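Our numbering numbers the first residue of the sequence shown as -17 and each following residue consecutively.
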Amino acid sequence: MTPEQILSIPPRVLSQRQRESYFEDGHLLVENAISTAWVERLRAATNEMIEQSRKVTKRDAVWDMEAGHSADNPRLRRLSSPVDHHPVFWEYASSAQSPLPDIIADLVGPDVKFHHSKLNFKWSKGGAEVKWHQDIPAWPHTNYTPCTAGTYIYDCNREQGPMGFIPGSHNGPIYSEYDENGEWVGCLSKEDTAKLDTSKVQWLEAKTGSITIHNCRSLHYSEPNNSPIARPLLLNVYSNANAMPYSFNPIPSPRAGEIVRGKPALWAHHDPRPCLIPPDWSGGYSSIFAKQQGEDAKARGGMM
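#1: Within 10 angstroms of its Cβ, does GLY50 collect 16 or more other Cβ (buried), or is it exposed?
#2: To the nearest angstrom, how far is it from the Cα of GLU162 to the Cα of THR175?
#3: Just curious, the alpha helix (DSSP H) that TRP72 is in, first and last residue?
#4: Run through DSSP, which three-state label would ALA19 get?
#5: So what's THR28 in DSSP terms, helix, strand or just coil?
#6: Could you spell out the range, first to last residue, of the beta strand (DSSP E) harbouring SER3?
#7: My assumption, with CB atoms under 8 Å, is that ASP172 sits in contact with ILE148. Please give the rounded CB distance.
#8: Quick one: complete beta strand (DSSP E) runs, 3+ long, within the region 145 to 179?
#9: Could you check the C-alpha separation between ASP262 and TRP166 for me, to the nearest Å?
#10: Going by CA-CA distance only, name the one from SER158, GLY266 and GLY8 that's closest to TYR126.
#11: Which residue wins for smallest C-alpha separation from ASN231, given the options SER192, TYR203, SER200 and PRO122?
#12: Output needed for GLU141: all residues of its chain with C-beta closer than 8 Å, excluding positions within five of it in sequence on either side, in chain order.
#13: Can you give me the C-alpha to C-alpha distance between PRO(-15) and GLU6, rounded to a whole angstrom?
#14: Please work out which residues of its chain come closer than 8 Å, Cβ to Cβ, to MET31, disregarding the five sequence neighbours upstream and downstream, and give them in chain order.
#15: Within 10 Å of its beta-carbon, does LEU216 have 16 or more other beta-carbons around it, so buried, or fewer, so exposed?
See below:
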């Protein structure tokens, strides 16, 4: 669906001005979007997963950790596909009791399809930056309705490294996320980054229970978290049901492709604008942190 078609449908949760702002800027902050009850359940599920991580000693397809992670001192970067590891995460992502899919329907259209999820932690006192990038090159679709919803289960201030966006960048070019050697690095080159007008960046600081939503083409970045407080951010990716993936899902899940609102599509919608094609993720994907820090390349070098 086009933005005009989506905006012509009466909203379920958002105001019309919020929807228009999303299509103008490529991102939206919805404050006080979820109840205290949901926050408490998501916090409890997150804490259970952190406890499980104490038994993990090395990075794998589920867990990504910072150097120094241990049973006594967990230092997590990501839990991949949390919807597959705790029922509360999937209930929040999909159920009729959750406000999230209805909010997404106001931005992608009434037929909403789930793609993947991740829980990015950005741990205290050293949580890594996430360099400038766009999401869609990692998982291209036939159109650009895919969006990512980030849920703050704790307050997030500037010192904790909230996401920053360049408004309107979703209507600009898609940048390569390969380096000069043809390696996928998951971020813009230094040359392309230098061309960005970062004076316009909008930092989405928010209180507990707020939701950030950004379009898959939007340029975004987050600074390191050097504060004493961790910044867990639950991320769920959705699209209109008529957006069909071109490539293997880097964070595969049995839930991928499930319709969480509305009905399945009978026709695919193709946006004429081209999109970068990523590597073949069917052999496995680590995380954006590992890709941007060059850890996968270092590991390959150590095995040669």
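Even for Gly, the Cβ is constructed at its ideal location relative to N, Cα and C.
Just so we're clear, the structure is a prediction, and the values are computed from it rather than from any experiment.
In short:
#1: GLY50 sits exposed, since fewer than 16 C-beta atoms from the chains shown fall within 10 Å of its C-beta.
#2: In a straight line, the C-alpha of GLU162 is about 15 Å away from that of THR175.
#3: 69 to 76 is the span of the alpha helix (DSSP H), which, as asked, contains TRP72.
#4: In the three-state reduction of the DSSP assignment, ALA19 falls in the helix class.
#5: In the displayed model, THR28 falls within a helix according to three-state DSSP.
#6: No beta strand (DSSP E) contains SER3, which is instead part of the alpha helix (DSSP H) from -2 to 7.
#7: Position check: residue 172 holds Lys in this sequence, whereas Asp was assumed. In fact, because the Cβ distance is near 17 Å, the residues do not count as touching under 8 Å.
#8: As for any beta strand (DSSP E) of minimum length 3 sitting wholly inside the region 145 to 179, the runs are 145 to 147, ordered along the chain.
#9: Cα to Cα, the separation comes out at about 11 Å.
#10: Per the Cα distances, GLY8.
#11: Considering only SER192, TYR203, SER200 and PRO122, the residue with the shortest C-alpha distance to ASN231 is PRO122.
#12: Only residues of its own chain outside the window of five on either side were considered, and among them ASN207, ASN208 and SER209 have a CB closer than 8 Å to the CB of GLU141, listed in chain order.
#13: For PRO(-15) and GLU6, the distance between alpha carbons rounds to 10 Å.
#14: Sequence-distant Cβ neighbours of MET31 in its own chain, meaning closer than 8 Å and more than five residues away, are LEU61, PRO64, HIS67, HIS68 and LEU101.
#15: Buried, by the Cβ-count rule.
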